[in-house]
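First the structure, in the form of structure tokens, and then the observations on it.
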Amino acid sequence: MACWLLKTESTSFSIDDLRRSPKATTCWDGVRNYQARNFMRQMKRGERVLFYHSGGDLPAVAGTAVVVRAAYPDSTAWDSNSDHPDPRSTPDAPVWDMVDIRLDAVFAEPITLTKLRKVSGLSNMELLRKGSRLSVQPVRDEEFAMMLKLADGQANDRPTARAKSKPTKKKVAAPASRGAKPSARPKKPAGRKSRRV
DNA sequence: GCCAACGTTGGC
DNA sequence: GCCAACGTTGGC
215 MACWLLKTES TSFSIDDLRR SPKATTCWDG VRNYQARNFM RQMKRGERVL FYHSGGDLPA
275 VAGTAVVVRA AYPDSTAWDS NSDHPDPRST PDAPVWDMVD IRLDAVFAEP ITLTKLRKVS
335 GLSNMELLRK GSRLSVQPVR DEEFAMMLKL ADGQANDRPT ARAKSKPTKK KVAAPASRGA
395 KPSARPKKPA GRKSRRV
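The first sequence lines up with residues 215 to 411 when you count with the numbering used here.
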């Protein structure tokens, strides 16, 4: 089973937003890059995901998630009111895809980019490559394992999942009041809200 | 805010 | 098909 990394601007859609989503699940819409899309098409249900916060004050891996639905057409592409419409994509001939992910664990301490660069075993990570901008990228098994180890060392808020094949039913914090339907926005500026985790 | 690295666009 | 111009990403 492959592992992945999904990038999101924390000001746009953070791991907290995912935690507060219904069933701690969201669709990952808005990917508008062919290479990223092609990786997304390889994502299978049950595969694990590193949830990465880019931009903002603290670039870091914030936690993990699990793919709960493989790639299917991203309907926001033909919704002119969405944040990332693309007229080339239509219901009959979709161009862009999305997947659904569910929160697995929120790291007690996000693993910062700075820290990652110091871990020798991770030097080949796509994320650490200079100029890397891919918002969906593959992660090696060893890299994923190393990440969990780092998170453990920092006192995770839940024991790391053992098995790889069955994402266990996770217990996440209580759903928040907001009944908003958050649409995952891997990219895009959106509002200018500053934030602090 | 700066700027390097990248992807996309479009003229030729 | 080449490549310059442009827009975007994202760390710093």
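Every residue gets a Cβ at the ideal spot worked out from N, C-alpha and C, and that includes glycine.
Practice item. Quick one: measure Cβ to Cβ for V320 and I229, integer angstroms, because I've assumed they're closer than 8 Å. Key: Residue numbering aside, residue 320 sits at position 106 when the first sequence is read from its first letter. Residue numbering aside, residue 229 sits at position 15 when the first sequence is read from its first letter. Between I229 and V320 the Cβ distance is about 6 Å, and since that is below 8 Å, they are a contact.
Point to revise | Residue of W310, G335, G345, G270 minimising C-alpha distance to K363 | key: The count along the first sequence starts at 1 and reaches residue 363 at position 149. Comparing Cα-Cα distances from K363 to each of W310, G335, G345, G270, the minimum goes to G335.
Review point. Can you tell me where the alpha helix (DSSP H) with Q499 in it begins and where it stops?
Key: Because the chain is modelled from 215 through 411, residue 499 falls outside the range shown and cannot be assessed.
Practice item. At 3 residues or longer, and completely inside the stretch 265-311: list those beta strand (DSSP E) runs for me, N to C. Key: 274-287
Check your understanding: Do you know offhand how far P299's Cα is from D293's?
Key -> Counting from 1 along the first sequence, the entry for residue 299 is found at position 85. Counting from 1 along the first sequence, the entry for residue 293 is found at position 79. Near 6 Å, if we compare the C-alpha coordinates of D293 and P299.
Point to revise | Q249, buried or exposed, once every other Cβ within 10 Å from all chains shown has been counted against 16 | key: For the purposes of this step, residue 249 is taken as residue 35 along the first sequence, with counting starting at 1. Per the 10 Å Cβ criterion, exposed.
Practice item. Please classify P324: is it buried, with 16 or more other beta-carbons within 10 angstroms of its beta-carbon, or exposed? Key: One-based indexing of the first sequence puts residue 324 at position 110. So P324 counts as buried.
Exercise for review: Please confirm if the stretch 300-307 is in contact with the stretch 267-277, defined as three or more CB-CB distances below 8 Å between the two stretches.
Suggested key: no
Practice item. On the DSSP bridge assignment, give the partners of T221 in chain order. Key: Reading the first sequence from its first residue, position 7 is the one you call residue 221. A small correction: the amino acid at residue 221 is Lys; Thr does not occupy that position in the sequence shown. Y266.
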